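Working notes for the structure below.
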Amino acid sequence: MYDYFELTTGREAGAVQSVARGLAVAPVAPAAVFAPLLGYPSNTVLALFPALEAEAALAVTRAPGVTSALRTRLSPTARPAPGAAPAPGGIYVHNWFNIDAGAVEEFVALSVEAWPDFEARFDARIFGLFLAEESEPDRSQGARRLLLMTRYGDLGVWQASRDPTTDAMKIFARRRELTRVSLARSCVLLP
């Protein structure tokens with residue numbers, strides 16, 4: 029299990045870096061801390077932690093410089109492997125998928141089927157595909173949410189990887205049929 033936080037900081041210069049530095053020395057070390065690039069508000073810090081106890085999670089949301097926080101519990105699916113960490117460099121795209129609740133297994137299977145071709149063709153590596161803990165809105169809408177974290181060499185690689193003629197993209201097109209909506213935003217991994 030993991031905890032994924034979207035933390036909002038103040039607007040002062042250096043606020044994102046200050047919060048990120050504070051998280052790096054937290055009692056429970058984060059698996060990764062990201063700063064926004066495209067699609068996120070500029071005063072956002074994204075942090076992935078191994079599953080936290082309630083008190084530790086509360087400490088993250090109350091860290092100095094954090095003005096608001098959203099916590100999502102995540103379960104890894106096919107990736108990441110236990111103890112894996114995101115590779116430095118490049119950019120990361122955090123892509124949230126909202127799918128039909130009964131389609132989770134097929135969605136994950138299609139993803140796993142496409143990844144070898146995708147990773148062989150591009151300077152890209154899937155770090156993780158996570159299933160979000162079911163929320164009340166998920167239950168009432170018959171939906172589930174998944175978060176896909178992918179590292180790309182740069183934004184140009186991301187653009188090139190949209191080529192619909194590759195084997196991977198043909199499989200991803202089948203996965204798209206299971207998707208109600210997706211939202212992809214980019215960020216950078218902080219040291």
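Numbering-wise, our numbering comes out as the position in the sequence shown, counting from 1, plus 28.
A virtual CB, placed ideally from N, CA and C, is assigned to each residue, including glycine.
From a predicted model like this one, the values you see are computed outputs, not experimental measurements.
Backbone CA spacing between residue i and residue j [nearest angstrom]
i, j, result
"T207", "D128", "7 Å"
"P108", "E141", "16 Å"
"Y180", "T36", "25 Å"
"P58", "D182", "24 Å"
"G118", "G130", "34 Å"
"A79", "G67", "26 Å"
"D166", "R173", "8 Å"
"A97", "A48", "14 Å"
"L138", "D195", "12 Å"
"V56", "T193", "44 Å"
"F155", "P116", "11 Å"
"A60", "C215", "12 Å"
"V121", "T72", "15 Å"
"G93", "G38", "6 Å"
Counted within 10 angstroms of its Cβ, other Cβ atoms place residue i as buried (16 or more) or exposed
i, result
"R90", "exposed"
"A201", "exposed"
"T178", "buried"
"G42", "exposed"
"T95", "exposed"
Per-residue DSSP class, three states only, for residue i
i, result
"L183", "helix"
"E34", "strand"
"F88", "The residue you asked about is not Phe; residue 88 is Val in the sequence shown. Helix at V88."
"A188", "helix"
"A82", "helix"
"P64", "strand"
"A75", "strand"
Extent of the continuous alpha helix (DSSP H) run through residue i
i, result
"G50", "43–52"
"D151", "No alpha helix (DSSP H) contains D151, which DSSP labels as neither H nor E."
"R39", "No alpha helix (DSSP H) contains R39, which DSSP labels as neither H nor E."
"A196", "195–204"
Range of the contiguous beta strand (DSSP E) that encloses residue i
i, result
"P104", "94–104"
"L211", "207–217"
In chain order, which continuous runs of the alpha helix (DSSP H) of length 4 or greater are located wholly inside the stretch 112–182?
-> 132–149, 164–169
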